[in-house]
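So the structure is just underneath, and the comments pick up after that.
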Amino acid sequence: MRRWLRALDHRFDGAFGAAADPLKQLGALAFLLLWLLAGSGIVLYALLETSAAGAYGSISALSREPLGAALRGLHRYAADAFVLLALLHLLREWLLGRHDRFRRYSWITGVVLLPIVYGCAIGGFWLHWDRLGQFSALATAEWLDALGFLGSPLARNFLYGAVSDRLFSLFVFVHLGLPLLLVFACWAHVQRIGTPRVFPPRRLALGTTLMLLALALALPVQSQGAADLASAPQRLAFDWLLLFVHPLAAATSAQFAWALLALVLAALAWLPFASRVPRAPVALVQPAHCNGCGRCVADCPYGAITLVPHPLRRRLQLAQVRSALCAGCGICTGACPSSTPFRAGAAFVTGIDLPHEPLAAVRERLQRALAAGARRLVVGCEHGARVDALAGAQVAVLTLPCSGMLPPSFVDYALQHGAASVVVSGCREGGCEYRLGPRWTEARLRGEREPHLRPSVPADRWRTVWADAGEEARVRAAMEAMA
Amino acid sequence: MSNWRSWLGQAVLYGLFALFIGVFSHWPAYQALPPHEAVLKVSFIHHGQRIAPCRPYTQAELAKLAPNMRTPLKCERERAPVQVEVDLDGATVYRHLAQPSGLSRDGASSVYHRLNVAAGEHRVVVRLKDGTGPAFDHVRETTLRLQPAQVLVIDFDPEKGGITFS
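Those protein sequence lines, which keep their order, are chains S and E. Throughout, the numbering used here is defined as the position within the first sequence, counted from one, plus 3. Throughout, the numbering used here is defined as the position within the second sequence, counted from one, plus 12.
What follows is the structure, encoded as structure tokens:
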């Protein structure tokens, strides 16, 4: 399944570029849509007459103006796209196994988001108070009544004459209150992500917005007649993406729909606890070699590191790893200024390191390979192109848990100790297993992020190649081009 | 990928996404109510009668009560469930026993039921029992012509004479 997904990613990379591939930006795109929904929603709400009698007329009048029609369509289609992208995001993360261990919190908060998202979407239809809104509001009331905890049936509010303005105010409250809750829940969802991507690349954002606008203009959202409680809606142009639960409950039963919803959410929430994937050993801090500079805190992709008062050195801080959140990727090791192989001394100990893959062992492997005559160094990661296949008499290969574990000074060290060229490889942009490896590595090597490669290192003697598993030929080509 | 291919690829992918949204946000149409059908809604909120009539306290019972609690009548809190039956053209289409709400079963019994019926002329008989006896306390029958998609509400309002059709 991963191979299939990777192949699909590559197709999209070809069209959009790896950095702007929408399949790797699904969460960020969802945030963009939230902005579009909020912006268009605020304008629509300002123009909406918030009464049962006036709502339909005000929205219909708005829809007769091109700008109003575009706004209304943008709001509807952004909601459709938001739901679609949220589900695709969930599916992708599940297929990639990104739902357990240190990602458990993000997964479970994401599951909680799903019913809130649908609640927001369904409530929006009621505000127009057309036949579709009437159908949805009544169907929702009947569905809630099936729970049996309410003193009197909600559906009785829709029996006679017109809906009261008081009830309509409740509709407004639902469609304003739930989105506010949604914003808070989205904030909570990214709390255990370091440097979360909450906005897609500009090109992708512009393209998505223009697409939705074009759709809104080409296929305007039409009203379906004013609500009339004395007659039941018959045939409706139906938004299946947002309102599918109504036909589901009608075709089965309200209780079945509730049971199915509960089962699906429970199954999704249970997934992280069903995982048997063993935890990677977490990073360990060496207090004697840590001065609390905070670079590992800034670079950690899962916010697993905090700073606490240093027990040994007054006025300094000490990094502290929260083991439940640590992915064992080693990006923190690459960020630590102490992780320089140029350090003399009997033991090479850095401020923060992976106990199962210590930097001292990495340096030792590099030293042995260079001493044995290797003239080229290729550094790769466990999830990207399999650089081990490139090992040879002249080629030293280092495979790290993540390319972000590589301190930039290792490139300098290799070039000073016999290597003619260094190729650093890892997952394609946007596809890093640990989110930020290639991004931080690229920035450190270009001198844009601390710790950085010394500017005196000749730029023509190293390069980066971001290649996924199966793309070893690209790494080989880059290596041979530098020969 | 060369520039024009990249732009074409993007256009195709954006287009497919927009097409998917455009199609499934409008189509297929949903037949919420089959043609030539109307909707019958049976709904009321009504307190059943008390399960036992109020009676005067005996002297012994009054003596046991605190002076400020000595009301003349003792009334049971619990109410009888409300039973409703609806016949359509001689066949019973709905029968329900609504229990009183509340921990002490002294609240109102509430009913909401919706059923689709064929449009046209129908003989509707509604029977409601809110007491403890065997017979139905309220019965009303009428002949109605229902238009397609019309909503007929059967309610109970003591102030309007009992069973109502609207």
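Glycine is no exception: its CB is placed at the ideal position from the N, C-alpha and C atoms.
Handout entry: Residues bridged to S:A514 [DSSP beta-bridge criterion]
Key = What the structure shows of chain S is the stretch from 4 to 486, and residue 514 of chain S is not part of that stretch, so it cannot be assessed.
Exercise for the section: Would you check if the distance between the CB atom of S:R298 and the CB atom of S:P340 is smaller than 8 angstroms? Expected result: Position 295 of the first sequence, counting from 1, holds the residue named residue 298 of chain S. Position 337 of the first sequence, counting from 1, holds the residue named residue 340 of chain S. Less than 8 angstroms separates the beta-carbon of S:R298 from that of S:P340.
Problem - Completely contained beta strand (DSSP E) runs for the region 35-75 of chain E, where each covers 3 or more residues - result: Inside the region 35-75 of chain E, DSSP marks whole beta strand (DSSP E) runs of 3 or more residues at positions 49-58, from first to last along the chain.
Exercise for the section: Spatial neighbours of S:A144 within its chain, please: CB distance less than 6 angstroms, with the 5 preceding and 5 following residues excluded, ordered by chain position. Expected result: Locating residue 144 of chain S in the first sequence gives position 141, where the first residue counts as 1. L157, A158.
Problem - Min CB distance S:M214 to chain E below 8 angstroms - result: Walking along the first sequence from the start, residue 214 of chain S turns up at place 211. Chain E has a Cβ within less than 8 angstroms of the Cβ of S:M214.
Problem - Reference S:A476; option with closest CA among S:T467, S:A388, S:R238, S:E432 - result: As a position in the first sequence, residue 476 of chain S is number 473, starting the count at 1. Looking only at S:T467, S:A388, S:R238, S:E432, the smallest Cα-Cα distance to S:A476 is reached by S:A388.
Practice task
Tell me, please, whether the region 53-66 of chain E touches the region 36-45 of chain E by the rule of three or more beta-carbon pairs shorter than 8 angstroms.
Solution key: Because the criterion of three Cβ pairs below 8 angstroms is not met, the region 53-66 of chain E and the region 36-45 of chain E do not touch.
Problem - Under 7 angstroms (Cβ pairs) to chain E, residues found in the region 249-266 of chain S - result: Residues P250.
Exercise for the section: Give a yes or no on whether the C-beta atoms belonging to E:L25 and S:F15 are separated by under 8 angstroms. Expected result: Your numbering for residue 25 of chain E matches position 13 in the second sequence. Your numbering for residue 15 of chain S matches position 12 in the first sequence. Cβ atoms of E:L25 and S:F15: closer than 8 angstroms.
Practice task
Could you name the residues of chain S that E:L45 contacts, counting a contact when the two beta carbons are closer than 8 angstroms?
Solution key: Numbered from its first residue, the second sequence carries residue 45 of chain E at position 33. Result: A235, P236, Q237.
Problem - Cα-Cα separation between S:T444 and S:L409, rounded to whole angstroms - result: Residue 444 of chain S sits at position 441 when you count from the first residue of the first sequence. Residue 409 of chain S sits at position 406 when you count from the first residue of the first sequence. Straight-line Cα distance between these residues: approximately 7 angstroms.
Handout entry: Those residues which DSSP pairs with E:N15 across a bridge
Key = Here residue 15 of chain E corresponds to residue number 3 of the second sequence, with the count starting at 1. Per DSSP, none; premise fails for E:N15.
Practice task
At 8 angstroms on the CB atoms, spell out the chain S contacts of E:G34, in chain order.
Solution key: If you number the second sequence from 1, residue 34 of chain E lands on position 22. Per Cβ cutoff of 8 angstroms: Y80, L218, A221, L222.
Exercise for the section: Check whether the Cβ atoms of S:A149 and S:A31 lie closer than 8 angstroms to each other. Expected result: Locating residue 149 of chain S in the first sequence gives position 146, where the first residue counts as 1. Locating residue 31 of chain S in the first sequence gives position 28, where the first residue counts as 1. With a cutoff of 8 angstroms on beta-carbon distance, S:A149 and S:A31 are scored as not near each other.
Exercise for the section: Could you tell me which of S:L162, S:A235, S:L77, S:V478 sits nearest to S:G42, measuring between CA atoms? Expected result: In the first sequence, counting from the first residue as 1, residue 42 of chain S sits at position 39. Here the closest residue by C-alpha is S:L77.
Problem - Nearest candidate by alpha-carbon position, reference S:V280, set S:F161, S:A349, S:L99, S:A22 - result: To locate residue 280 of chain S, count along the first sequence from 1; it is residue 277. Answer by Cα proximity: S:L99.
Handout entry: Spatial neighbours of S:M485 in its chain, beta-carbon cut-off 6 angstroms, leaving aside the 5 residues before and after
Key = Taking the first sequence and counting its residues from 1, the one referred to as residue 485 of chain S is at position 482. Counting only Cβ-Cβ distances below 6 angstroms, and skipping sequence neighbours, we find S424.
Exercise for the section: Consult DSSP for S:N160 and reduce its assignment to one of helix, strand or coil. Expected result: Working through the first sequence from its first residue, we reach residue 160 of chain S at position 157. Correct three-state label for S:N160: helix.
Problem - Within chain E, the residues that S:S43 reaches when beta carbons sit closer than 9 angstroms - result: As a working note, residue 43 of chain S is residue 40 in the first sequence. Identification of chain E residues near S:S43 by a Cβ-Cβ cut-off of 9 angstroms yields none; the smallest Cβ-Cβ distance measures about 15 angstroms.
Handout entry: Environment of S:Y437 [buried if 16+ CB atoms lie within 10 Å]
Key = As a working note, residue 437 of chain S is residue 434 in the first sequence. S:Y437 is buried by the Cβ-count criterion.
Practice task
Anything in chain E within Cβ reach of S:L274, meaning under 7 angstroms, just list it in chain order.
Solution key: By one-based count along the first sequence, residue 274 of chain S stands at place 271. The premise fails here: S:L274 is roughly 26 angstroms from chain E at the closest Cβ pair, so nothing lies under 7 angstroms.
Practice task
At 8 angstroms on the CB atoms, spell out the chain E contacts of S:A84, in chain order.
Solution key: Within the first sequence, numbered from 1, the residue matching residue 84 of chain S stands at position 81. Near S:A84 (Cβ distances below 8 angstroms), the residues of chain E are F29, I33.
Practice task
Have a look at E:Q95, E:S37, E:A30 and flag the residue whose alpha-carbon is nearest the alpha-carbon of E:R139.
Solution key: Sequence index remark: in the second sequence, residue 139 of chain E carries index 127 (1-based). With distances taken between CA atoms, E:R139 lies nearest to E:Q95 out of E:Q95, E:S37, E:A30.
Practice task
Pull out every residue of the region 125-136 of chain S whose Cβ sits closer than 7 angstroms to any Cβ of chain E, in chain order.
Solution key: Those residues of the region 125-136 of chain S that come within reach of chain E (Cβ to Cβ, closer than 7 angstroms) do not exist; the list is empty.
Handout entry: Boundaries of the alpha helix (DSSP H) in which S:I125 is found, first to last residue
Key = Locating residue 125 of chain S in the first sequence gives position 122, where the first residue counts as 1. From DSSP, the alpha helix (DSSP H) with S:I125 extends over 107-131.
Exercise for the section: Return the CA-CA distance between E:F29 and S:P204, expressed in angstroms with no decimal places. Expected result: Taking the second sequence and counting its residues from 1, one reaches residue 29 of chain E at position 17. Taking the first sequence and counting its residues from 1, one reaches residue 204 of chain S at position 201. Just so you know, the alpha carbons of E:F29 and S:P204 end up roughly 18 angstroms apart.
Problem - Length of the line joining the Cα atoms of S:L362 and S:G113 - result: Counting from one through the first sequence, the residue named residue 362 of chain S turns up at place 359. Counting from one through the first sequence, the residue named residue 113 of chain S turns up at place 110. Distance between the alpha carbons of S:L362 and S:G113: 35 angstroms.
Practice task
Examine the ligand NAD and report whether any of its heavy atoms sits within less than 7 angstroms of the Cβ of S:F202.
Solution key: Ligands in the displayed structure: none, and consequently the ligand NAD is not present.
Handout entry: Proximity of E:T155 and E:E133 at Cβ, strictly below 8 angstroms
Key = Looking up residue 155 of chain E in the second sequence gives position 143. Looking up residue 133 of chain E in the second sequence gives position 121. For E:T155 and E:E133, yes; Cβs fall inside 8 angstroms.
Practice task
For S:R159, decide whether its Cβ has a neighbour in chain E, counting only Cβ atoms nearer than 8 angstroms.
Solution key: Along the first sequence, one-based indexing puts residue 159 of chain S at 156. Interface residue, yes.
Practice task
Please check if any C-beta of chain E sits within less than 8 angstroms of the C-beta of S:L29.
Solution key: One-based indexing of the first sequence puts residue 29 of chain S at position 26. Interface flag for S:L29 against chain E is unset, since no Cβ pair is found closer than 8 angstroms.
Handout entry: Opening and closing residue of the beta strand (DSSP E) in which E:T154 lies
Key = By 1-based counting over the second sequence, the position of residue 154 of chain E is 142. Its beta strand (DSSP E) spans residues 150-158.
Exercise for the section: Using the Cα positions of E:A130 and S:Q137, report the straight-line distance between them to the nearest angstrom. Expected result: Taking the second sequence and counting its residues from 1, one reaches residue 130 of chain E at position 118. Taking the first sequence and counting its residues from 1, one reaches residue 137 of chain S at position 134. Spanning the two alpha carbons is a distance of roughly 22 angstroms.
Exercise for the section: Please report how far the alpha carbon of E:V165 lies from the alpha carbon of E:T176, in whole angstroms. Expected result: In the second sequence, residue 165 of chain E corresponds to position 153, counting from 1. In the second sequence, residue 176 of chain E corresponds to position 164, counting from 1. Straight-line Cα distance between these residues: approximately 8 angstroms.
Practice task
Measure the Cβ-Cβ separation of S:A327 and S:F105 and say whether it is below 8 angstroms.
Solution key: In the first sequence, the residue the question calls residue 327 of chain S occupies position 324. In the first sequence, the residue the question calls residue 105 of chain S occupies position 102. Result yes, Cβ atoms of S:A327 and S:F105 sit closer than 8 angstroms.
Problem - Any chain E beta carbon closer than 8 angstroms to S:D148 - result: As a position in the first sequence, residue 148 of chain S is number 145, starting the count at 1. Taking Cβ atoms only, chain E reaches closer than 8 angstroms to S:D148, which makes this a yes.
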